Amino acid sequence: MLTVCPYFHVHQPYRVKKYRVFDIGEDTEYFNDASGTDLDNRYIVEKVAEKSYRPTNKVLKELLDKHPEFRFNLSFSGTVLDQFEAYAPDVLESFQELVATGRVEILADTYHHSLAFFYSVPEFKRQVQKHERRIKQLFGVKPRVFRNTELSYRNDLAKWCEDNGYLGIMSEGWEKYLGWRSPNYLYQPPGCSKIKVLLKNYKLSDDIAFRFGNKEWKDWPLSADTYADWINSHHGNGQTVNLFMDYESFGEHQWEDTGIFEFLKVVPEMIMRHPDTSFKTATETVAAYESAGEYDVPDILTWADTERDLTAWIGNDIQRDAIKAAYSMEEDVMKTRKRDLIETWRKLQTSDHFYYMCTKWSNDGDVHAYFSPYKSPYDAYITYMNALSDLKLRVAHVLKDKETVLAAAEQKIEKTKETKPEPSDQVDIPSKEDVEDVPASPPTEPDPGFFKNAWDRLKKIFPVVSPERKST
Amino acid sequence: MKVLTFSWEYPPAKNGGLGVACFGLTRELLAHGVAVTLVLPKTQETRGDARILFADTERLVKMGENADLLFGPYNQASTMIESIIGYDATGRPIYQARTILEEAHRFAHQAALIAKMEDFDVIHAHDWTSYLAGVAAKISSGKQLVLHVHATSFDQAASDNVDPSIFKIEKEAFELADKVVTVSNFTRDIVVNKHGIDPHKVEVVHNGCDAEEVRELVPTLVELKRQGKKIVLCHGRISIQKGVDYFVRAARLVVDVDPDVVFVISGWGDMITQVIEQVGAMGLSENVRFAGALWEEDRDRMYQSADLFVMPSVSEPFGLVPLEALQHGTSSIISKQSGVAEVLTHALKVDFWDVDEMANQILSALRYPVVREQMVTEGRLQLLGMTWKIAAQKVKHLYQHLVQYAVS
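What follows is the structure in structure tokens.
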């Protein structure tokens, strides 16, 4: 018995437009490039939808209809779901159709495709919860198996997932931690008793994701037949072959002219020609097999580069400076309780922003290995930092306004109640919308009832407030 | 392998990129077993181990002591220089003013004679003032000719409005040459597209940059720094080619946002009056300082004290200055219209005419010090790979190729 567990990761970031120092304090829109270039988020989503999402979903739906045993997993960032909704609703619908078959499982993820776990666990948790709500709303399912941004993984992340009720977690099957062992079994993280780790078979995964169209590759052109043989050769020395890759491998990384769609159309059938091979979703895989041993990963492991670490995201000084600057704002951003500010801050946590600042390639001259819509890593950094500076200003303004209002309110209560009422522009009411993502009492909030009490006091002073003024 | 090389400049005379490049290339060619005989137009002190001939010795006509070759090759062909044409009865030199064009022709005349006397396999001539000499040597010896383009008339004019007599020499010499070497793809494009030279004949050999032992010098502009001012430096000849006027326009936009930035313009040239007037007219007298022409240690002190270096050139065949600044620990914003932009990754790059973006980059780089630090750390590593050794190996290979296929 051998099962195959494919998982395709779907993601698009909100790229920051060309944002100059002069824009700070002037322009609060960071993601609205409309130039029809690679900084234009709508343009990219429409382009990739045409090249990858629409044709691939069509093939996947046909496969599900044709083969009742065919199963796979999808993971979505919240940022790609939001962009589908806005720019390509038909793509979102086609994904919903796939999930409605009951044979496509959705994995848990961070909403903003962030590295938050390594910088702020409370923020990470809020993003995972937000993601879960969004998946529930769009697909009506609750994810049970977790995958983290860039397949980043560490023992303590597995522990967190176990403590939060997940049955499985995905990771890279890397020799450094596997030793002589095979990635084609389930493993258990140290200190955990229930959760199991599914390990990516990077060789078989990368044969499709990276090498498929490479004419220099010794196995080019790869036929579905050969590939199925490679998978079936694991009978007897494995239980599950986990094929993890970017969804955009189909049609975007590997173009249509490589024959990738023809390959996809027939490969499940070829694999299942072996009577003892079938497909399982992640949850089914976790339920079917026992752990074969411990997978101990004390340092961050990812699916990227030959180092399998985060150096493509936080490997140089500008990357570390930028990500530190973003997370150092957490307390202030959350204090504003402003939905738009919090959401903007989170969009700026998406790992792609830091990837664009990567300079690793400059040493080996391999410029094309790291795609970026910016002219250079330094342009990416400057653009990002300028946008972040503007957000910081906006956050500071809101906090200052809140202080002013509160101070004024306190004064007036102390003085007298005969004061003439003034227009209440400054007042920001934390509506349910604003605080939806914010836990009732975040640890950083000294006094949860602070604003509410102030508001109650204000209402006593100014009984009439026009509803339009409630939000600014 | 023996090569007869013609150049107009050579260190230690204070001069621009041409002399520095000839020196670096000659030194490494010698190290790779190429016997270089270097011919210079005027008797001068020289550096290094190359065998040197002075064309004015050969013809017993010396250029005047005051002859200022400093900006020679880069001026108009009609620029006058003083030459000693002979000596009177009392032994005093007789001077006559000649144009650079005339001198270039005289250099060529001597080159033809030298080429008849010397033993060599291939001829290599640097920049337009030596092209005629190279061509003359080729005609008189029948040997293969390499012309090395460090700058073209289009760079000096910073437009298509070129000096017609220089353009004529360039075009005719390129057509006669067996190979044309340019210091960048940027310059190769000019030679191919503007001079109409067969692309197969034009090769790119990027300049190198000598890794120098940089010692920490006594800081300059201490008082400004003490006041918390940030220093942005522009260093080079002040001419239309170098784009200093765009730098001043960007300065205006920067100062509107951050009045604590001081712009230092170091250098001299024919555009200096215009730039000084521009600074006054734009109300920037408080924020722009003119440092005059700086050399050697004074220049290096300025590199070290500056927070940021800008090379706003309109048309820069290579552009060594950002690499020098980098060696002294200062990161750069460089014009995309430059050869160095092809080889230096760790710099901010801007179109010279996009003063908004130039100002944005200046302000951003000053605002976020980490970006400057990283461009220096990684840029210095990259510098280690840009050596004259690599350039010399390419040139030697070119010589071998030419000699091998020479029709004798």
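In order, the protein sequence lines correspond to chains A and B.
Everything in the first sequence is counted per my numbering, starting at 1 for the first residue and increasing by one.
Everything in the second sequence is counted per my numbering, starting at 473 for the first residue and increasing by one.
Backbone N, C-alpha and C fix where the C-beta goes; we use that ideal spot for every residue, glycine too.
The model shown is predicted, which means the values in this text are computed figures rather than measured ones.
- Residue contact check for residue 775 of chain B against chain A: no CB pair falls below 8 Å.
- Residues of the region 373-400 of chain A that bring their beta carbon within less than 9 Å of a beta carbon in chain B comprise 375, 376, 377, 378, 379, 381, 382, 383, 385, 386, 389, in sequence order.
- Around the beta-carbon of residue 31 of chain A, 16 or more other beta-carbon atoms lie within 10 Å, marking it buried.
- As DSSP reads the structure, residue 7 of chain A sits in a beta bridge with A:73, A:244.
- Annotation: residue 648 of chain B to residue 717 of chain B spans about 37 Å, alpha carbon to alpha carbon.
- Here residue 89 of chain A is exposed: its Cβ has fewer than 16 other Cβ atoms, across all protein chains shown, within 10 Å.
- The continuous beta strand (DSSP E) containing residue 761 of chain B extends over residues 760-764.
- Contact between residue 402 of chain A and residue 329 of chain A fails: their C-beta atoms lie close to 16 Å from each other, not under 8 Å.
- Counting along the chain, residue 811 of chain B sits inside no beta strand (DSSP E), nor does DSSP assign it H or E at all.
- Taking a beta-carbon distance threshold of 8 Å, residue 305 of chain A does not count as an interface residue toward chain B.
- Identification of chain B residues near residue 231 of chain A by a Cβ-Cβ cut-off of 8 Å yields none; the smallest Cβ-Cβ distance measures about 41 Å.
- Shortest Cα-Cα distance from residue 50 of chain A to any of A:27, A:91, A:70, A:75 involves A:91.
- Note on residue 523 of chain B: under 16 other CB atoms within 10 angstroms of its CB, so exposed under the neighbour-count rule.
- Not flagged as an interface residue toward chain A: residue 759 of chain B, since no C-beta distance is shorter than 8 Å.
- By the neighbour-count definition (other C-beta atoms within 10 Å, threshold 16), residue 665 of chain B is an exposed residue.
- Cα atoms of residue 301 of chain A and residue 172 of chain A: separation of roughly 7 Å, rounded to the nearest angstrom.
- Taking CB atoms only, residue 771 of chain B has no neighbour in chain A less than 8 Å away.
- Annotation: the continuous beta strand (DSSP E) that includes residue 620 of chain B extends over 616-621.
- With the criterion set as a beta carbon lying under 8 Å from some beta carbon of chain B, the region 33-48 of chain A has no members that meet it.
- Between residue 336 of chain A and chain B, the shortest Cβ-Cβ separation is not below 8 Å.
- For residue 595 of chain B, DSSP records a beta bridge to B:476, B:617.
- Within 8 Å of the CB of residue 316 of chain A, the CB atoms of chain B belong to 846, 850, in sequence order along the chain.
- At a cut-off of 8 Å between C-beta atoms, residue 22 of chain A counts as an interface residue with respect to chain B.
- For residue 643 of chain B, the nearest beta carbon of chain A is not closer than 8 Å to its own beta carbon.
- Per DSSP, the beta-bridge partners of residue 105 of chain A are A:73.
- For residue 27 of chain A, not one C-beta of chain B is nearer than 8 Å to its own C-beta.
- Assigned with DSSP and collapsed to three states, residue 571 of chain B falls in strand.
- Nearest to residue 520 of chain B by alpha-carbon distance, out of B:782, B:485, B:584, is B:485.
- Beta-bridge partners of residue 512 of chain B (DSSP): B:526.
- In terms of Cα proximity to residue 677 of chain B, the closest of B:868, B:511, B:872 is B:868.
- Pairing residue 387 of chain A with residue 357 of chain A gives a Cβ-Cβ distance that is not under 8 Å.
- Residue state for residue 114 of chain A is assigned as strand, using DSSP reduced to three classes.
- DSSP, read as helix, strand or coil, puts residue 756 of chain B in coil.
- Proximity of residue 839 of chain B to chain A, defined by a Cβ-Cβ separation below 8 Å, is satisfied.
- Apart from sequence neighbours up to five positions away, the residues of its chain that approach residue 355 of chain A with a beta-carbon distance below 8 Å are 312, 313, 370, 372, ordered along the chain.
- The C-alpha of residue 685 of chain B is placed about 52 Å away from the C-alpha of residue 251 of chain A.
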